[in-house]
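Residue 1 is where the sequence shown starts when you use UniProt numbering, and the numbers rise one by one after that. Even for Gly, the Cβ is constructed at its ideal location relative to N, Cα and C. What follows is a short report on a single structure.
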Amino acid sequence: MESKVVSMKNVLIIGNGGREYAIALTLYQQKLEKKNDLDEIYFAPENAAATKFLNAKALSYKDFNELYENIQKHRIYLVIIGPEAPIVAGLSDFLWAKNILVFAPSRANAELENSKVFMKSFVSDLGVPTAKYKKFTLDSIHEADKFIESLKLPIVLKASGLCGGKGVLILDSKDEARAKLESMLRGELFGEAGREVVIEEYLQGYELSIFALSNGVDYTLLPPCQDHKRLLDGDKGVNTGGMGAYTSHSHFPARLYDAALEQKIKDRILTPTFKALYAADGRGYQGVLFAGLMIVNGEPYLLEFNVRFGDPECEVLMPLFESSLLELLESYARGVSLDKSSVKIKNKSAVCVVMSSADYALDSKSALAFKGDYPALVSFKTPLDSNLTSIDSAILDSIESNLGHYIFANVSVKNNEIYANSGRSILAVGLGDTITEARNNAYKLVENIDFKGKHYRKDIAYQAI
Ligand code: AMP
Ligand code: GLY
Numbered sequence: 001m002e003s004k005v006v007s008m009k010n011v012l013i014i015g016n017g018g019r020e021y022a023i024a025l026t027l028y029q030q031k032l033e034k035k036n037d038l039d040e041i042y043f044a045p046e047n048a049a050a051t052k053f054l055n056a057k058a059l060s061y062k063d064f065n066e067l068y069e070n071i072q073k074h075r076i077y078l079v080i081i082g083p084e085a086p087i088v089a090g091l092s093d094f095l096w097a098k099n100i101l102v103f104a105p106s107r108a109n110a111e112l113e114n115s116k117v118f119m120k121s122f123v124s125d126l127g128v129p130t131a132k133y134k135k136f137t138l139d140s141i142h143e144a145d146k147f148i149e150s151l152k153l154p155i156v157l158k159a160s161g162l163c164g165g166k167g168v169l170i171l172d173s174k175d176e177a178r179a180k181l182e183s184m185l186r187g188e189l190f191g192e193a194g195r196e197v198v199i200e201e202y203l204q205g206y207e208l209s210i211f212a213l214s215n216g217v218d219y220t221l222l223p224p225c226q227d228h229k230r231l232l233d234g235d236k237g238v239n240t241g242g243m244g245a246y247t248s249h250s251h252f253p254a255r256l257y258d259a260a261l262e263q264k265i266k267d268r269i270l271t272p273t274f275k276a277l278y279a280a281d282g283r284g285y286q287g288v289l290f291a292g293l294m295i296v297n298g299e300p301y302l303l304e305f306n307v308r309f310g311d312p313e314c315e316v317l318m319p320l321f322e323s324s325l326l327e328l329l330e331s332y333a334r335g336v337s338l339d340k341s342s343v344k345i346k347n348k349s350a351v352c353v354v355m356s357s358a359d360y361a362l363d364s365k366s367a368l369a370f371k372g373d374y375p376a377l378v379s380f381k382t383p384l385d386s387n388l389t390s391i392d393s394a395i396l397d398s399i400e401s402n403l404g405h406y407i408f409a410n411v412s413v414k415n416n417e418i419y420a421n422s423g424r425s426i427l428a429v430g431l432g433d434t435i436t437e438a439r440n441n442a443y444k445l446v447e448n449i450d451f452k453g454k455h456y457r458k459d460i461a462y463q464a465i
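What follows is the structure in structure tokens.
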């Protein structure tokens with residue numbers, strides 16, 4: 001007699017920030033819509049709000065071996081890695097060797113994000129347009145000083161290694177640039193990550209975040225996004241990990257993105273890069289590749305590659321998946337060649353507004369050194385709907401609403417109440433047919449949440465409106 005095969009679609013998400021919560025939320029919403037046969041969502045480490053609102057389970061992860069034991073114990077069939085650090089630490093390769101399905105590229109491919117020096121040299125060899133640059137270490141500091149002297153202001157200094165998105169300094173004076181360069185090269189400013197520095201030409205234009213899903217054989221583009229890196233309205237204040245983002249399937253303004261620009265991005269940046277990656281690495285490139293671009297007079301230049309979804313770009317892309325996200329991520333992880341039409345995107349727009357604590361990212365040092373010791377109670381101001389009385393019901397209701405929802409990054413739950421830890425804690429994602437409509441919905445959600453020191457930008461998506 002044939003034994004009955006029980007489908008146990010347990011998924012593990014590595015990472016517990018807003019990006020990972022957004023992936024879990026879409027999986028969970030699509031399960032409610034019966035678009036997937038998901039069983040349980042596990043998080044490592046725990047995201048307290050995903051446990052509370054998405055019935056997610058926490059899975060302990062001290063080291064790769066313990067993780068693997070837990071993956072077996074809980075019969076996880078697909079691992080989705082959110083942040084770059086575990087990929088750079090070799091987690092995808094470790095799990096592949098154990099025959100576990102993983103949505104993330106290899107350690108070798110992660111070098112594109114791990115080292116700006118590697119990335120610049122890799123793409124320069126392919127003729128990909130990128131800012132002119134030179135790389136320096138402490139041994140070549142005198143040449144670096146001369147190079148700075150030869151450049152026009154402002155000066156762009158980039159720590160080669162991983163700095164959580166904070167390793168780029170744009171300086172308006174050459175003296176300051178030389179001083180910062182020296183403290184980077186001495187390991188004082190960004191530790192080991194800053195001991196090698198890329199100094200590059202400043203590019204004046206507007207930025208786009210472009211995401212390509214790749215199965216190791218070919219790639220598919222997702223709708224374009226714009227991030228808002230600066231802390232304050234009008235793109236003022238320090239660079240942060242991102243204060244908001246937006247995307248749109250068909251209402252992205254043509255002055256920022258059109259078919260001609262998309263073709264240039266593919267022909268000059270993505271196709272040559274993927275061709276080289278497919279040829280070089282045994283697994284090709286499986287996962288998502290994030291190209292941070294500067295568009296200068298209509299021409300795209302590559303600023304950076306990341307080997308993961310952007311945060312907060314992921315938060316606006318996830319709700320636009322019409323296709324089953326679980327099936328898609330699974331096929332990409334399997335390296336199955338997909339019919340491009342299988343990535344179906346809703347004809348919608350999404351705008352995400354990040355709510356952070358007032359003292360977040362005052363300077364790159366305090367942001368990096370942040371310890372999360374400013375808990376503040378989330379209180380619920382005005383019900384979304386007058387029948388709702390508690391914050392929990394408002395949040396649960398928003399999960400099933402098509403106007404928008406909350407995303408939780410850095411929160412803890414104590415005595416059944418949600419606390420916003422400092423940093424980027426709670427995000428509001430508004431949805432709509434147009435960017436304006438999505439933005440209005442996002443700000444309605446923002447107004448409904450309050451906590452001590454709440455800070456957010458009031459101009460997210462201004463370039464599109
Ligand atoms: P990156 O991590 O390389 O993307 O740099 C972080 C941010 O610094 C980018 O999103 C840009 O806002 C800015 N940036 C980086 N490189 C340049 C450049 N060459 N010219 C102007 N702005 C830049
Ligand atoms: N939003 C930019 C990043 O994730 O690096």
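- request: Taking the CB atoms as reference points, tell me whether L41 and Y28 lie closer together than 8 Å.
  value: For the purposes of this step, residue 41 is taken as residue 41 along the sequence shown, with counting starting at 1. For the purposes of this step, residue 28 is taken as residue 28 along the sequence shown, with counting starting at 1. It is worth fixing the name first, because residue 41 is Ile in this sequence and not Leu. Result yes, Cβ atoms of I41 and Y28 sit closer than 8 Å.
field: Residues bridged to M184 (per DSSP)
entry: The residue you call residue 184 lines up with position 184 of the sequence shown. None, per the DSSP bridge assignment.
task: Count the other CB atoms, across all protein chains shown, that sit within 10 Å of the CB of S121; report buried if there are 16 or more and exposed otherwise.
output: Position 121 of the sequence shown, counting from 1, holds the residue named residue 121. S121 sits exposed, since fewer than 16 C-beta atoms from the chains shown fall within 10 Å of its C-beta.
- prompt: Mind checking whether the beta-carbon of P312 lies closer than 7 Å to any heavy atom of the ligand GLY?
  reply: Here the question's residue 312 lines up with position 312 in the sequence shown. In this structure, P312 has its beta carbon less than 7 Å from a heavy atom of the ligand GLY.
query: Counting pairs of Cβ atoms below 8 Å between the region 246-264 and the region 185-198, do you hit three or more?
result: Segments in contact, no.
field: Candidates V354, T130, E200: closest to Y19 by CA position
entry: If you number the sequence shown from 1, residue 19 lands on position 19. In the sequence as displayed, the identity of residue 19 is Arg instead of Tyr. Among V354, T130, E200, the Cα nearest to that of R19 is on V354.
task: Return yes when the C-beta of D227 is under 7 Å from any heavy atom of the ligand NAD, and no when it is not.
output: Of the ligands one can find in the structure shown, namely the ligand AMP and the ligand GLY, none is the ligand NAD.
- prompt: At which residues does the alpha helix (DSSP H) containing Y456 begin and terminate?
  reply: Translated into the one-based positions of the sequence shown, residue 456 becomes position 456. Taken as a continuous stretch (DSSP letters only), Y456 belongs to no alpha helix (DSSP H), as it is neither H nor E.
- request: Could you round the C-beta distance between S106 and R268 to whole angstroms and report it? I think they count as a contact, below 8 Å.
  value: Locating residue 106 in the sequence shown gives position 106, where the first residue counts as 1. Locating residue 268 in the sequence shown gives position 268, where the first residue counts as 1. In fact, because the Cβ distance is near 25 Å, the residues do not count as touching under 8 Å.
field: Coil, strand or helix - R424 by DSSP
entry: As a first step, residue 424 must be located in the sequence shown, where it is residue number 424. Strand.
query: Going by the C-beta, is G165 closer than 7 Å to any heavy atom of the ligand GLY?
result: Position 165 of the sequence shown, counted from the start, is the residue given in the question as residue 165. Yes, Cβ of G165 sits closer than 7 Å to a heavy atom of the ligand GLY.
query: Among the residues of its own chain, which have a CB less than 6 Å from the CB of A44, if the five just before and after it don't count?
result: Here residue 44 is taken as the residue at index 44 of the sequence shown, counted from 1. Excluding its 5 nearest sequence neighbours in each direction, A44 has C-beta neighbours in its own chain below 6 Å: I14, L59, Y61, listed in chain order.
task: Could you tell me how far apart the beta carbons of T273 and L126 are, in whole angstroms, since I believe they sit closer than 8 Å?
output: Along the sequence shown, one-based indexing puts residue 273 at 273. Along the sequence shown, one-based indexing puts residue 126 at 126. About 7 Å; that satisfies the 8 Å criterion.
Helix, strand or coil at L338 [DSSP, three-state]: Working through the sequence shown from its first residue, we reach residue 338 at position 338. Correct three-state label for L338: coil.
message: Quick check on the DSSP output: what are the complete beta strand (DSSP E) runs of length 3 or more inside the region 136-171, in order along the chain?
response: Within the region 136-171, the runs of beta strand (DSSP E) at least 3 residues long that lie entirely inside it are, in chain order, 155-159, 168-171.
message: Given this structure, state the Cα-to-Cα distance separating L12 from D175, to the nearest angstrom.
response: In the sequence shown, the residue the question calls residue 12 occupies position 12. In the sequence shown, the residue the question calls residue 175 occupies position 175. Using only the alpha carbons, I get a separation of about 48 Å.
message: Assuming R19 is part of the beta strand (DSSP E), what are its boundary residues?
response: Within the sequence shown, numbered from 1, the residue matching residue 19 stands at position 19. From DSSP, R19 is part of no beta strand (DSSP E) but of the alpha helix (DSSP H) over 18-32.
- request: Would you grab the beta carbon distance between E111 and N306 for me? Rounded to a whole angstrom, and I think it's under 8 Å.
  value: Looking up residue 111 in the sequence shown gives position 111. Looking up residue 306 in the sequence shown gives position 306. About 12 Å separates the beta carbon of E111 from that of N306, a gap too long to meet the 8 Å contact definition.
query: Using CA coordinates, which residue listed in Y332, L338, S331, A409 is at the minimum distance from S356?
result: Walking along the sequence shown from the start, residue 356 turns up at place 356. Comparing Cα-Cα distances from S356 to each of Y332, L338, S331, A409, the minimum goes to A409.
message: Check this for me: beta carbons of V217 and S337, under 8 Å apart or not?
response: Here residue 217 corresponds to residue number 217 of the sequence shown, with the count starting at 1. Here residue 337 corresponds to residue number 337 of the sequence shown, with the count starting at 1. Result yes, Cβ atoms of V217 and S337 sit closer than 8 Å.
The alpha helix (DSSP H) enclosing K414, as first and last residue numbers: In the sequence shown, counting from the first residue as 1, residue 414 sits at position 414. K414 -> not in any alpha helix (DSSP H); beta strand (DSSP E) instead, spanning 411-414.
query: Shortest alpha-carbon distance to E262 belongs to which of C225, A438, G241, T240?
result: The residue you call residue 262 lines up with position 262 of the sequence shown. When each option's Cα is compared against that of E262, the closest is C225.
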